Ligand SMILES: Cc1cc2nc3c(=O)[nH]c(=O)nc-3n(C[C@H](O)[C@H](O)[C@H](O)COP(=O)(O)OP(=O)(O)OC[C@H]3O[C@@H](n4cnc5c(N)ncnc54)[C@H](O)[C@@H]3O)c2cc1C
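Numbering (our numbering), first residue to last: 77 to 515.
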């Protein structure tokens, strides 16, 4: 039992309150950093043993960065600074029992006094249940590596291919979804086509490689300003990306993409960036209805509706208020700011601070020297926007070593267009460990 506490003294007795945090993304890791470890026994559970940086996944996929430079091992983080004193456990949480107050992973069952769900989202295929088998996605580091390998594999095979028609088929790329991720990956492949193809793959003609970016609404980057949408459209044109607006994909069978209006296009590699949905997780002991996007409905303090001692943060939380009737945008800043606010409420032991999102703006980049940035009071484009984009991303990456590694890589690539990262590293056979419940 906790006998004595104030902010200057460590609690006496052995039983600190146990807080279990599911997910060490932007929300979970920032919460763990800010929680008072003298007061709480904090355990972070994540299925991966590293924190990753999704905004730069597209650079892994396009061989611009190596995965290590935008990933950070939790165990290293736990040894130092504000995270020191917290524990990390690997595991994918499958069920939460809110009566017994336990979470269960494939390895163990962990008890909590307070639980924070910060598990983020996964790809949404909008009911096309088989689609995940055939398309490439960018929701995690392994998915980005898979994408990179496929692009490189296709370039190598196309270099060996003597039939021009076959070569064009091999290099037919379609990106579905005109949000920031879709625009950025389409732009990155466009850059490969424009600046790298003929230098490193002389057997491939420029016209052999096609990139089509498909968006269901009437503009790209629809969460940004109309100026940003127009500029992104023009930048992609410069990189030879064919943008198709107001097109909704209804199926992808035998390498043929079919749209709602009946039109079809051939594509051997489809990159799906069209939507996300809350991570699945079974809750027992209480009736918990999820809202749109499979997000958990929370109040203005990030408390899960109808369940005591459970909180939800980041992309998987749905907080609806007058300003955001459909919930906050699923962005890193929302995750970070809500984590800081919840930590403050928990540390003070009261719930007097409501979450108020401070929108600092949004941005997207389309190759080198071209980006769009919407800030509160003004808009940037071209090189100033690109430099702003680089600066913001650089300072947001965890760890000095990673920041330096990314910076050196960017400067080197900027000056030379050369990278040693176009390595086709296929994974080898790996022994199955089904007794641990692995898939
Ligand atoms: C490709 C891409 C580009 C993006 N670009 C931008 C951008 O430029 N700017 C921006 O603001 N936002 C961007 N976002 C959105 C941003 O990444 C998210 O808003 C942010 O990551 C949400 O943080 P989170 O902590 O809620 O979830 P995440 O960062 O997704 O973290 C969730 C964590 O939970 C873990 N996890 C999931 N399920 C389980 C489980 N069952 N058990 C245990 N662990 C689990 C995961 O391994 C992960 O570590 C991008 C997202 C993607 C995918």
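Backbone N, C-alpha and C fix where the C-beta goes; we use that ideal spot for every residue, glycine too. Quick caveat, the model's predicted, so the values are computed rather than measured.
Quick one: give me the first and last residue of the alpha helix (DSSP H) that residue 218 is part of. Along the chain shown, read from residue 1 onward, the residue named residue 218 stands at position 142. First-last of the alpha helix (DSSP H) with residue 218: 217 to 236.
Who are the Cβ neighbours of residue 133 in its own chain at under 6 Å, not counting the five residues just before and after it? On the chain shown, position 57 is the one that residue 133 refers to. These residues qualify, in order along the chain: 214, 220.
From residue 231 to residue 373, what distance separates their C-alpha atoms? The residue labelled residue 231 in the question sits at position 155 within the chain shown. The residue labelled residue 373 in the question sits at position 297 within the chain shown. Answer to the nearest angstrom: the Cα atoms are 45 Å apart.
Do residue 427 and residue 434 count as a contact pair if the criterion is CB distance below 7 Å? Here residue 434 is taken as the residue at index 358 of the chain shown, counted from 1. Here residue 427 is taken as the residue at index 351 of the chain shown, counted from 1. No, the Cβ-Cβ distance between residue 434 and residue 427 is not below 7 Å.
Our contact map puts residue 462 next to residue 445 with C-beta atoms below 8 Å; I'd like the distance itself, whole angstroms only. Position 386 of the chain shown, counted from the first residue, corresponds to residue 462. Position 369 of the chain shown, counted from the first residue, corresponds to residue 445. Correct: roughly 5 Å between the Cβ atoms.
Would you mind reading off the limits of the beta strand (DSSP E) that contains residue 429? Numbered from 1 along the chain shown, position 353 holds the residue referred to as residue 429. Neither: residue 429 is in no beta strand (DSSP E) and is coded neither H nor E.
Any idea which residues DSSP pairs residue 325 with across the strands? Within the chain shown, the letter at position 249 stands for residue 325. Answer is 335.
Since residue 234 contacts residue 243 with CB under 8 Å, what's their CB separation in whole angstroms? In the chain shown, the residue the question calls residue 234 occupies position 158. In the chain shown, the residue the question calls residue 243 occupies position 167. Between residue 243 and residue 234 the Cβ distance is about 5 Å, and since that is below 8 Å, they are a contact.
Please tell me whether, using a cut-off of 6 Å, the distance from the CB of residue 99 to the nearest non-hydrogen atom of ligand 1 is below it. Here residue 99 refers to the residue found at position 23 of the chain shown. Checking every heavy atom of ligand 1 against the Cβ of residue 99, one is found closer than 6 Å.
Can you check which of these residues, 305, 201, 225, 279, is closest to residue 326 by C-alpha distance? Along the chain shown, read from residue 1 onward, the residue named residue 326 stands at position 250. That would be 201, whose Cα lies nearest to the Cα of residue 326.
Per-residue burial, residue 349 [other beta carbons within 10 Å of its own, 16 or more giving buried]: Here residue 349 refers to the residue found at position 273 of the chain shown. Counting Cβ neighbours within 10 Å, residue 349 comes out buried, since at least 16 surround it.
Is residue 158 helix, strand or coil when you go by DSSP? Against the chain shown, residue 158 aligns to sequence position 82. Helix at residue 158.
In angstroms, rounded to a whole number, what distance separates the CA positions of residue 224 and residue 126? Position 148 of the chain shown, counted from the start, is the residue given in the question as residue 224. Position 50 of the chain shown, counted from the start, is the residue given in the question as residue 126. For residue 224 and residue 126, the distance between alpha carbons rounds to 20 Å.
Report yes if the C-beta distance between residue 397 and residue 387 is below 7 Å; otherwise report no. Locating residue 397 in the chain shown gives position 321, counting from the first residue. Locating residue 387 in the chain shown gives position 311, counting from the first residue. For residue 397 and residue 387, no; Cβs fall outside 7 Å.
For a test of the three-state rule: what should DSSP assign to residue 78, helix, strand or coil? Here the question's residue 78 lines up with position 2 in the chain shown. The predicted position of residue 78 is uncertain, since its pLDDT is 41 and thus under 50; a value taken from the coordinates is nonetheless stated next. Residue state, collapsed to three classes: coil.
Separation of residue 263 from residue 89, as counted between CA atoms: Against the chain shown, residue 89 aligns to sequence position 13. Against the chain shown, residue 263 aligns to sequence position 187. With a pLDDT of 45 at residue 89, under the threshold of 50, the modelled position of this residue cannot be trusted; read the value that follows with caution. If you take the alpha carbons of residue 89 and residue 263, they lie about 58 Å apart.
Under 7 Å between C-beta atoms of residue 328 and residue 164: Taking the chain shown and counting its residues from 1, one reaches residue 328 at position 252. Taking the chain shown and counting its residues from 1, one reaches residue 164 at position 88. No; because the gap between Cβ atoms is not below 7 Å, this pair is not in contact.
Which residue comes first and which comes last in the alpha helix (DSSP H) that contains residue 120? For the purposes of this step, residue 120 is taken as residue 44 along the chain shown, with counting starting at 1. Careful: residue 120 lies outside any alpha helix (DSSP H), inside the beta strand (DSSP E) at 116 to 122.
Tell me which residue opens and which closes the beta strand (DSSP E) that residue 342 is part of. As a first step, residue 342 is located in the chain shown; it is residue number 266 there, counting from the start. It spans 340 to 342 - the beta strand (DSSP E) in which residue 342 sits, taken as one unbroken run.
Could you please give the first and the last residue of the uninterrupted beta strand (DSSP E) stretch that includes residue 584? For the chain, the structure presents residues 77 to 515; residue 584 sits outside this window and is missing.
Cβ pair count under 8 Å reaching 3, the stretch 395 to 412 against the stretch 168 to 183: no
Under 6 Å from any heavy atom of ligand 1, does the C-beta of residue 124 make it? Counted from its first residue, the chain shown places residue 124 at position 48. Yes, Cβ of residue 124 sits closer than 6 Å to a heavy atom of ligand 1.
Could I get the ranges of all uninterrupted alpha helix (DSSP H) runs contained in the stretch 166 to 201, with 4 residues as the minimum, in chain order? none
So, using beta-carbon positions, are residue 128 and residue 217 closer together than 7 Å? By 1-based counting over the chain shown, the position of residue 128 is 52. By 1-based counting over the chain shown, the position of residue 217 is 141. Yes; because the gap between Cβ atoms is below 7 Å, this pair is in contact.
Residue 210 lies in the alpha helix (DSSP H); which residues open and close that run? If you number the chain shown from 1, residue 210 lands on position 134. Taken as a continuous stretch (DSSP letters only), residue 210 belongs to no alpha helix (DSSP H), as it is neither H nor E.
Candidates 266, 336, 254: which alpha carbon is nearest residue 299's? Numbered from its first residue, the chain shown carries residue 299 at position 223. Nearest C-alpha to residue 299: 254.
If you compare alpha carbons, which of 353, 281, 265 is closest to residue 318? Here residue 318 refers to the residue found at position 242 of the chain shown. Nearest of 353, 281, 265 to residue 318, Cα basis: 265.
Checking 7 Å against the spacing of the C-beta atoms, do residue 193 and residue 96 come in under that value? As a position in the chain shown, residue 193 is number 117, starting the count at 1. As a position in the chain shown, residue 96 is number 20, starting the count at 1. No, the pair does not count as a contact, with Cβ atoms beyond the cut-off.
Looking at residue 538 and ligand 1, is the gap between the Cβ and the nearest heavy atom below 6 Å? In this structure the chain extends from 77 to 515, so residue 538 is not present and cannot be described.
Does the structure place the stretch 340 to 356 close enough to the stretch 293 to 311 that three or more beta carbon pairs sit under 8 Å? no
Check the C-beta distance from residue 470 over to residue 483 and give it rounded, since I have them as a contact under 8 Å. Locating residue 470 in the chain shown gives position 394, where the first residue counts as 1. Locating residue 483 in the chain shown gives position 407, where the first residue counts as 1. Rounded, the Cβ-Cβ distance is 6 Å, consistent with contact.
Between residue 100 and residue 122, is the Cβ-Cβ spacing less than 7 Å? Within the chain shown, numbered from 1, the residue matching residue 100 stands at position 24. Within the chain shown, numbered from 1, the residue matching residue 122 stands at position 46. In contact: residue 100 and residue 122 (Cβ atoms closer than 7 Å).
Which class does residue 267 belong to by DSSP, given the choice of helix, strand or coil? Along the chain shown, read from residue 1 onward, the residue named residue 267 stands at position 191. Residue 267: helix per DSSP, three-state reduction.
Between the C-alpha atoms of residue 493 and residue 270, what's the straight-line distance to the nearest angstrom? Residue 493 sits at position 417 when you count from the first residue of the chain shown. Residue 270 sits at position 194 when you count from the first residue of the chain shown. Looking at the two C-alpha atoms, the distance is approximately 11 Å.
Taking residue 320 as part of the beta strand (DSSP E), name the residues at either end of that continuous run. Taking the chain shown and counting its residues from 1, one reaches residue 320 at position 244. Its beta strand (DSSP E) spans residues 317 to 320.
Residue 107 vs residue 419 beta-carbon contact at 7 Å: Translated into the one-based positions of the chain shown, residue 107 becomes position 31. Translated into the one-based positions of the chain shown, residue 419 becomes position 343. Result yes, Cβ atoms of residue 107 and residue 419 sit closer than 7 Å.
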